[in-house]
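Structure first, then comments.
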Amino acid sequence: MANALIHAPKTAKRGEVIEIKALILHPMETGFRPGTNGRIIPRNIIERFSADWNGEEVFALKMSPAIAANPFVSFFVVADRSGTVKFRWSGDNDFLVEEQVAIAVE
Amino acid sequence: MTTSRRCFLAGAAVALLPITSARATPADMEAAIREVTGGATLREGPVALDIPPLVENGNTVPLTVSVKSPMTAEDHVKAIHVFNEKNPQPHVFNATLGPRNGKAVVSTRIKLADTQQIAAVVETSRGEFWTARAEVIVTIAACLEEVN
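Each protein sequence line maps, in turn, to chains A and B. Counting in my numbering, the first sequence runs from 1 upward without gaps. Counting in my numbering, the second sequence runs from 1001 upward without gaps.
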């Protein structure tokens, strides 16, 4: 099972620029490495990460095999109103994980 | 007839060629950059590409791209692209940003297969393209060790 870790403040002042960090467990197999049997291990990566604030996409990252295993990403966002931030990782072999956090803006 | 040392070295060099051609080259990186910019001129802009100059383990290398931008609706960073020269593929990531981000800063961790140059290309809402480059020395490359 995939395991995602989100680091985001629970509360923020209106208009504050907050940092959100997201980490997920995933091998990010490149598809260029031979395994112990000499055959190439098939590619298995996360292709896309996105973050939606109340349904509006505020950040997206298209990944390539050059992203390290257990992809970590950090970005900034303006906290304009309270709501939920929904994170979505999708990739090879129908990989799909969704996670959400609530942020209260005062 | 015995093979002279020179002949042997020439043969060895030819035998080694296929290994290097399996990788992206600096020309591939420039081609990938042109695909993004559409041939627009790249300028050195207010872009900082933070990556350690000397990396011990190429399997996970922290990388931060920060751009000085007001991030308003009229003037903001639309996308940050990162490319490499010598991994099997020139692409590293493409990040999509907008005025909602407030700050054009993106961090992640990447893999590096060799000592090489990394390039960040920033696309702004005004249609400008900025770039920043960094040289990285890698002592243990990614993607080489056997898996269990």
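Every residue gets a Cβ at the ideal spot worked out from N, C-alpha and C, and that includes glycine.
**Item:** Whole-angstrom distance between residue 83(A) and residue 21(A), CA atom to CA atom
**Value:** Mapped onto the first sequence, residue 21(A) falls at position 21. Mapped onto the first sequence, residue 83(A) falls at position 83. Spanning the two alpha carbons is a distance of roughly 17 Å.
**Message:** So for residue 1071(B), helix, strand or coil by DSSP?
**Reply:** As a first step, residue 1071(B) must be located in the second sequence, where it is residue number 71. DSSP places residue 1071(B) in coil when its eight states are reduced to three.
**Request:** Run down chain B in chain order and give the residues with a C-beta less than 7 Å from the C-beta of residue 64(A).
**Result:** Locating residue 64(A) in the first sequence gives position 64, counting from the first residue. Under the 7 Å cutoff, chain B gives 1089, 1091, 1092, 1093.
**Item:** Contact set for residue 60(A): own chain, Cβ-Cβ below 8 Å, skip 5 residues either direction
**Value:** Within the first sequence, the letter at position 60 stands for residue 60(A). The residues are 48, 49, 50, 51.
**Item:** Beta-carbon contacts of residue 1114(B) that lie in its chain and below 7 Å, excluding the five residues immediately before and after
**Value:** Against the second sequence, residue 1114(B) aligns to sequence position 114. Hits under 7 Å: 1086, 1138, 1141.
**Message:** Please return the same chain residues whose Cβ sits closer than 6 Å to the Cβ of residue 90(A), not counting the five positions on each side in sequence.
**Reply:** Within the first sequence, numbered from 1, the residue matching residue 90(A) stands at position 90. Cβ neighbours of residue 90(A) beyond the five flanking positions: 48, 96.
**Request:** Report yes if the C-beta distance between residue 1078(B) and residue 1096(B) is below 9 Å; otherwise report no.
**Result:** Translated into the one-based positions of the second sequence, residue 1078(B) becomes position 78. Translated into the one-based positions of the second sequence, residue 1096(B) becomes position 96. Their beta carbons are under 9 Å apart, which means residue 1078(B) touches residue 1096(B) by this criterion.
**Prompt:** What's the C-alpha gap between residue 1021(B) and residue 103(A)?
**Reply:** One-based indexing of the second sequence puts residue 1021(B) at position 21. One-based indexing of the first sequence puts residue 103(A) at position 103. Below a pLDDT of 50, predicted positions are generally treated as unreliable, and residue 1021(B), at 46, falls in that range; no measurement from the model is reported.
**Asked** Within 8 Å: the Cβ of residue 1129(B) and any heavy atom of the ligand SAM?
**Response** By its list of ligands, the structure shown contains no ligand whatsoever, and the ligand SAM lies outside what it can speak to.
**Request:** Could you name the residues that DSSP lists as bridge partners for residue 56(A)?
**Result:** For the purposes of this step, residue 56(A) is taken as residue 56 along the first sequence, with counting starting at 1. Paired residues: 53(A).
**Residues near residue 5(A) in its chain [Cβ-Cβ closer than 6 Å; skip 5 each side]** = Indexing the first sequence from 1 puts residue 5(A) at position 5. So the list reads 23, once near-sequence residues are dropped.
**Three-state secondary structure (DSSP) of residue 1021(B)** = Counted from its first residue, the second sequence places residue 1021(B) at position 21. Unreliable placement is indicated for residue 1021(B), whose pLDDT of 46 sits below 50; the coordinate value is still reported in the next sentence. Helix, per DSSP.
**Request:** Ignoring anything shorter than 3 residues or poking outside the segment 14 to 83 of chain A, list the beta strand (DSSP E) runs there in chain order.
**Result:** 17 to 24, 46 to 53, 56 to 63, 72 to 78
**Message:** Could you give the first and the last residue of the continuous beta strand (DSSP E) run that contains residue 1119(B)?
**Reply:** Residue mapping note: residue 1119(B) aligns to position 119 of the second sequence, counting from 1. Counting along the chain, the beta strand (DSSP E) containing residue 1119(B) begins and ends at 1116 to 1124.
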